[in-house]
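Asks: Each step along the sequence shown adds one to the number in the numbering used here, with nothing skipped, and position 168 is 170.
Got a structure for you, questions after.
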Amino acid sequence: MEITFRFDETDRAAVTINVPSGGGFTVNFNPVARLLPPSGSHVHPQAPGGFTINVNPIGLPVPPANGGLNVNGTDVHPENPKLSDPSMKMANPRVFFDMTVGGKPAGRIVMELFADTTPRTAENFRALCTGEKGIGKFGKPLHYKGTIFHKVFPNYTLCGGNIIGGREEPGGECIYGSRFFDDENFIKTHSGPGILTMWNCRENTNGSEFMICLRRIEEFDGGCVVFGQVVEGMDVIQNIEKEAGRPDHSGVPKKLVVIADCGQIS
C-alpha cells in the first residue's frame, strides 16, 4: 500500500499515523503542492497547506479497532486488507552458530529469534551473532564468534555467551550501552529441548549469556526470558552434550566447545 501526502513546506501542523501490527506504507513528499488524500478517503489537516508526519511503526498508540490508520483524528482504511493480515507480519530473524568440539568441526545450529514477542532480547542476541556493534565498554568485541560454551549440563542446559569472561569467570555484556538490560517479559516458557533463553543471576541482569535447554525446565519459567528456539541442528547439540558433558554434572566441559563462526541467515 502507498499513501502519498503533498504539502506546503511552510506549515507546521502535525499528523500522526498509527500503523497496525504487520502493516506498512510508503510516504512520498512533494514540498510545493496541496494535500491529495488517498483514493476513497478524506484527510483534513488542522492547518491548510501541509503537516508533519509522525509514524508509530509498531502500532503505539493503539490504532483504531477496525484496523485502519488514524490521520489527525480521521480514520483512513487501507484498500488492501492484507496489510492487517497477521500472515503478512515480518518473519522472525534466524541466526546460526558453527560449532567445534575439541578443535574439530561439530556442525551448525540454526536458531529462530522471537522478535515478535521479545524484540529487545532478540535484537541483542542477533547483533551479538553478527558482531555489528563493534567493541563493548569492557574492551571486548560484542560478538559471540570465538567464545565458548562454558557449561555443559547433560539433560539440562548448554550455557554460553560469556563474551567478557573466560571458562571459569562468567561474564556478559549487552549491546545497549550498559552491561545489563531488564527482563523483557515471560510470555514464552521453557517448554522443551531447543528453547533459547537468557541466563541471569538475578532479576533484570540480561547481558550476553544464554542457555539452550535440553529438556523442559519449569523452574526457569518466570525468571529467565525465553527469546528463541533451535530450528536446525538438534543433533549437533546432542553431540555436544555427549562429547563434552560430564557424568558428575559439574558442568565443566570435558572438551572445549567453541562458537567458531556465527551470523544471521535471514
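Just so you know, even glycine gets a beta-carbon here, dropped at the ideal spot from N, CA and C.
Computed from a prediction, not measured in an experiment: that's the story for all the values here.
1) Identify every run of the alpha helix (DSSP H) within the segment 141-197, keeping only runs that are complete inside it and at least 4 residues long; order them along the chain.
2) Roughly how many angstroms separate the alpha carbons of Phe99 and Val232, rounded to a whole number?
3) Is Ala124 closer than 8 Å to Pro95 when the C-beta atoms are compared?
4) By a C-beta neighbour count over all protein chains shown, 10 Å radius and 16 as the cutoff for buried, is Ser180 buried or exposed?
5) Give the secondary structure of Ile55 by DSSP, where H, G and I count as helix, E and B as strand, and everything else as coil.
6) Classify Phe140 as buried or exposed, calling it buried when 16 or more other Cβ atoms lie within 10 Å of its own Cβ.
7) Quick one: residues in its chain with C-beta nearer than 6 Å to the C-beta of Asn126, no 5 flanking neighbours on either side, listed in chain order?
8) Give a yes or no on whether the C-beta atoms belonging to Glu243 and Gly104 are separated by under 8 Å.
9) In its own chain, which residues sit with a C-beta less than 6 Å from the C-beta of Glu211, not counting the 5 before and 5 after it?
10) For the beta strand (DSSP E) that Leu115 lies in, which residues bound it at each end?
11) I need the DSSP call for Glu211, collapsed to helix, strand or coil.
12) Using the three-state DSSP reduction, which class does Arg128 fall into: helix, strand or coil?
13) Where DSSP assigns a beta bridge to Val103, which residues make up the other side?
14) Sort out for me which residues DSSP pairs Cys264 with in a bridge.
15) Going by beta-carbon coordinates alone, are Ile189 and Cys215 separated by less than 8 Å?
16) In the DSSP output, which residue or residues are listed as bridge partners for Ile219?
17) Return the residue from the list Val154, Thr119 and Thr207 that minimises the CA-CA distance to Val260.
18) By the three-class DSSP mapping on this structure, what secondary structure does Met92 have?
19) Assuming Gly247 and Pro156 form a contact by the criterion Cβ under 8 Å, report the distance between their Cβ atoms to the nearest whole angstrom.
20) Report yes if the C-beta distance between Val97 and Gln266 is below 8 Å; otherwise report no.
21) According to DSSP, is Val238 helix, strand or coil?
22) Within a Cβ cutoff of 6 Å, which residues of the same chain sit near Val254, ignoring the five residues on either side of it in sequence?
23) Around the Cβ of Ala2, are there at least 16 other Cβ atoms within 10 angstroms (buried) or fewer (exposed)?
24) For Gly148, which residues in the same chain have their Cβ closer than 8 Å to its Cβ, ignoring the five residues on either side in sequence?
Replies: With the given structure in hand:
1) none
2) Translated into positions along the sequence shown, residue 99 becomes position 97. Translated into positions along the sequence shown, residue 232 becomes position 230. Distance between the alpha carbons of Phe99 and Val232 is about 11 Å.
3) The residue you call residue 95 lines up with position 93 of the sequence shown. The residue you call residue 124 lines up with position 122 of the sequence shown. Contact flag set, yes.
4) Locating residue 180 in the sequence shown gives position 178, counting from the first residue. Classification of Ser180: exposed, given that the 10 Å Cβ count is below 16.
5) In the sequence shown, the residue the question calls residue 55 occupies position 53. Because the pLDDT of Ile55 is 45, which lies under 50, any placement of that residue in the model is unreliable, and the number read from its coordinates should be weighed accordingly. It is a strand residue.
6) For this step, residue 140 is matched to residue 138 along the sequence shown. Flag for Phe140 reads exposed.
7) The residue given as residue 126 occupies position 124 in the sequence shown. Taken in chain order, the residues that qualify are Cys176 and Ile177.
8) Reading the sequence shown from its first residue, position 241 is the one you call residue 243. Reading the sequence shown from its first residue, position 102 is the one you call residue 104. Cβ distance not < 8 Å, so Glu243 and Gly104 don't count as in contact.
9) On the sequence shown, residue 211 is found 209 positions in, with the first residue counted as 1. For Glu211, where only same-chain residues beyond five positions count, the Cβ hits under 6 Å are Gly163, Asn164, Gly174 and Trp201.
10) Counting from 1 along the sequence shown, the entry for residue 115 is found at position 113. Unbroken beta strand (DSSP E) run through Leu115: Lys106 to Leu115.
11) Along the sequence shown, one-based indexing puts residue 211 at 209. If DSSP states are grouped into helix, strand and coil, Glu211 belongs with coil.
12) Counting from 1 along the sequence shown, the entry for residue 128 is found at position 126. Reduced to three states, the DSSP call for Arg128 is helix.
13) Mapped onto the sequence shown, residue 103 falls at position 101. Bridge partners of Val103: Lys106 and Val259.
14) The residue you call residue 264 lines up with position 262 of the sequence shown. The partner list for Cys264 (beta bridge, DSSP) reads Phe99.
15) Start at 1 with the first residue of the sequence shown, and residue 189 comes out as number 187. Start at 1 with the first residue of the sequence shown, and residue 215 comes out as number 213. Not a contact, by the Cβ cut-off of 8 Å.
16) As a working note, residue 219 is residue 217 in the sequence shown. Beta-bridge pairing links Ile219 to no other residue.
17) By 1-based counting over the sequence shown, the position of residue 260 is 258. When each option's Cα is compared against that of Val260, the closest is Val154.
18) For the purposes of this step, residue 92 is taken as residue 90 along the sequence shown, with counting starting at 1. Looking at Met92 - three-state DSSP - the assignment turns out to be coil, as it is neither helix nor strand.
19) Numbered from 1 along the sequence shown, position 245 holds the residue referred to as residue 247. Numbered from 1 along the sequence shown, position 154 holds the residue referred to as residue 156. Gly247 to Pro156, Cβ: 4 Å. Contact.
20) The residue labelled residue 97 in the question sits at position 95 within the sequence shown. The residue labelled residue 266 in the question sits at position 264 within the sequence shown. Going by C-beta atoms, Val97 is nearer than 8 Å to Gln266.
21) Here residue 238 refers to the residue found at position 236 of the sequence shown. In the structure shown, Val238 sits in a helix (DSSP, three-state: H, G or I).
22) In the sequence shown, the residue the question calls residue 254 occupies position 252. Same-chain partners within the cutoff: there are none.
23) Because the chain in this structure spans residues 3 to 268, residue 2 falls outside the shown range and cannot be described.
24) By 1-based counting over the sequence shown, the position of residue 148 is 146. Once the five neighbours on either side are set aside, the close Cβ partners of Gly148 are Val260, Ile261 and Ala262.
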